[in-house]
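Here the structure comes first, spelled out in structure tokens, and everything after it is commentary.
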Amino acid sequence: TDASFHVAYFDLNYFKPYNDKYGYSRGDQLIIWLGDLLTQHTHKNTDRVGHIGGDDFVVIFQSDDWKHKCEHILKIFEEKIHNYFDDEDVKAKGIYSLDRRSKAEFFPLMGLSIGVVNPDSSRCNSHHDVSQIATEAKHEAKLIGGSTLYVSRRRSPSKDSFSD
Numbered sequence: 812t813d814a815s816f817h818v819a820y821f822d823l824n825y826f827k828p829y830n831d832k833y834g835y836s837r838g839d840q841l842i843i844w845l846g847d848l849l850t851q852h853t854h855k856n857t858d859r860v861g862h863i864g865g866d867d868f869v870v871i872f873q874s875d876d877w878k879h880k881c882e883h884i885l886k887i888f889e890e891k892i893h894n895y896f897d898d899e900d901v902k903a904k905g906i907y908s909l910d911r912r913s914k915a916e917f918f919p920l921m922g923l924s925i926g927v928v929n930p931d932s933s934r935c936n937s938h939h940d941v942s943q944i945a946t947e948a949k950h951e952a953k954l955i956g957g958s959t960l961y962v963s964r965r966r967s968p969s970k971d972s973f974s975d
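Taking the numbering used here, the leading residue of the sequence shown gets 812, the next gets one more, and so forth.
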């Protein structure tokens, strides 16, 4: 039988405004910190951490305590993210940066969105199917806002893929 696994898609909220204000060097430091955070709080023998690119990471969890690990990562993230902002921005609870139309806009401090899926290997034909449902879960987490864990019931890309 196939081993059960969960795929967690991690994405930083408001990373672009952060990079625009603080510069790529500080943005890179933050990405390295997030990668280290994920690596330190996953099982090195059963879980796999991957950097998709930019501020996006994926963790393939084979450990049973995947949900606890995600919640713990969010807790540490929330405790430490302020270290990457200047004091006045922490006090203001956000930063001013240019939006995509080059207009000044206020953005909240960075959050971490995590979308998790438990793919059904008999209904996912390839890694593309798994990627699709994990990406959808990440988008749902981002819609909630802040630092959020969203666990999707979707197990495959098909319309009838919900299970209890």
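Just so you know, even glycine gets a beta-carbon here, dropped at the ideal spot from N, CA and C.
- [ ] Use the C-beta contact count for residue 949: other C-beta atoms within 10 angstroms, 16 or more gives buried, fewer gives exposed.
- [x] Residue numbering aside, residue 949 sits at position 138 when the sequence shown is read from its first letter. With 16 or more Cβ atoms within 10 Å of its Cβ, residue 949 is classed as buried.
Open item on the list: Please classify residue 812 as buried or exposed, where buried requires at least 16 other C-beta atoms within 10 Å of its C-beta.
Closed with: The residue labelled residue 812 in the question sits at position 1 within the sequence shown. Residue confidence for residue 812 is low, a pLDDT of 38 falling below 50, so the modelled location carries little weight and cannot support an answer.
Open item on the list: Can you tell me whether residue 973 is buried or exposed? The criterion is at least 16 other CB atoms within 10 Å of its CB, across all chains shown.
Closed with: As a position in the sequence shown, residue 973 is number 162, starting the count at 1. Its pLDDT being 49, under 50, residue 973 is placed unreliably by the model, and nothing is read from it.
Task: Rounded distance between the beta-carbons of residue 900 and residue 906, thought under 8 Å - done: The residue given as residue 906 occupies position 95 in the sequence shown. The residue given as residue 900 occupies position 89 in the sequence shown. Approximately 5 Å separates the beta-carbon atoms of residue 906 and residue 900; this is inside 8 Å, confirming the contact.
Open item on the list: To the nearest angstrom, how far is the alpha carbon of residue 851 from that of residue 910?
Closed with: Translated into positions along the sequence shown, residue 851 becomes position 40. Translated into positions along the sequence shown, residue 910 becomes position 99. In a straight line, the C-alpha of residue 851 is about 34 Å away from that of residue 910.
Task: Rounded Cβ spacing between residue 924 and residue 952 (contact assumed at less than 8 Å) - done: Taking the first residue of the sequence shown as position 1, residue 924 is located at position 113. Taking the first residue of the sequence shown as position 1, residue 952 is located at position 141. The Cβ separation is near 4 Å, so the contact holds.
TODO: Could you round the C-beta distance between residue 921 and residue 820 to whole angstroms and report it? I think they count as a contact, below 8 Å.
DONE: Taking the sequence shown and counting its residues from 1, one reaches residue 921 at position 110. Taking the sequence shown and counting its residues from 1, one reaches residue 820 at position 9. Under the criterion of beta carbons closer than 8 Å, residue 921 and residue 820 do not qualify as touching, at roughly 17 Å.
TODO: Please report how far the alpha carbon of residue 919 lies from the alpha carbon of residue 954, in whole angstroms.
DONE: Taking the first residue of the sequence shown as 1, we reach residue 919 at position 108. Taking the first residue of the sequence shown as 1, we reach residue 954 at position 143. Taking the straight line joining both Cα atoms gives about 14 Å.
Open item on the list: For a test of the three-state rule: what should DSSP assign to residue 850, helix, strand or coil?
Closed with: For this step, residue 850 is matched to residue 39 along the sequence shown. In the structure shown, residue 850 falls within a helical segment according to DSSP collapsed to helix, strand and coil.
- [ ] Count the other CB atoms, across all protein chains shown, that sit within 10 Å of the CB of residue 866; report buried if there are 16 or more and exposed otherwise.
- [x] The count along the sequence shown starts at 1 and reaches residue 866 at position 55. A buried status is given to residue 866, since no fewer than 16 other beta-carbon atoms sit within 10 Å of its beta-carbon.
- [ ] Report the residue from 940, 960, 957 and 946 whose alpha carbon sits nearest the alpha carbon of residue 968.
- [x] Position 157 of the sequence shown, counted from the start, is the residue given in the question as residue 968. When the alpha-carbon of residue 968 is set against those of 940, 960, 957 and 946, the nearest one is in 940.
Open item on the list: In whole angstroms, give me the CA-to-CA distance for residue 822 and residue 843.
Closed with: As a position in the sequence shown, residue 822 is number 11, starting the count at 1. As a position in the sequence shown, residue 843 is number 32, starting the count at 1. Straight-line Cα distance between these residues: approximately 13 Å.
Task: Same chain, Cβ closer than 7 Å to residue 957, five either side skipped, listed in chain order - done: Here residue 957 refers to the residue found at position 146 when the sequence shown is read from its first residue. Contacts found: 922.
- [ ] Count the other CB atoms, across all protein chains shown, that sit within 10 Å of the CB of residue 936; report buried if there are 16 or more and exposed otherwise.
- [x] Translated into positions along the sequence shown, residue 936 becomes position 125. Residue burial annotation: residue 936 is exposed, with fewer than 16 other C-beta atoms found within 10 angstroms of its C-beta.
- [ ] Look up residue 859 in the DSSP assignment and say whether it is helix, strand or coil.
- [x] Walking along the sequence shown from the start, residue 859 turns up at place 48. The answer is strand: DSSP assigns residue 859 an E or B state.
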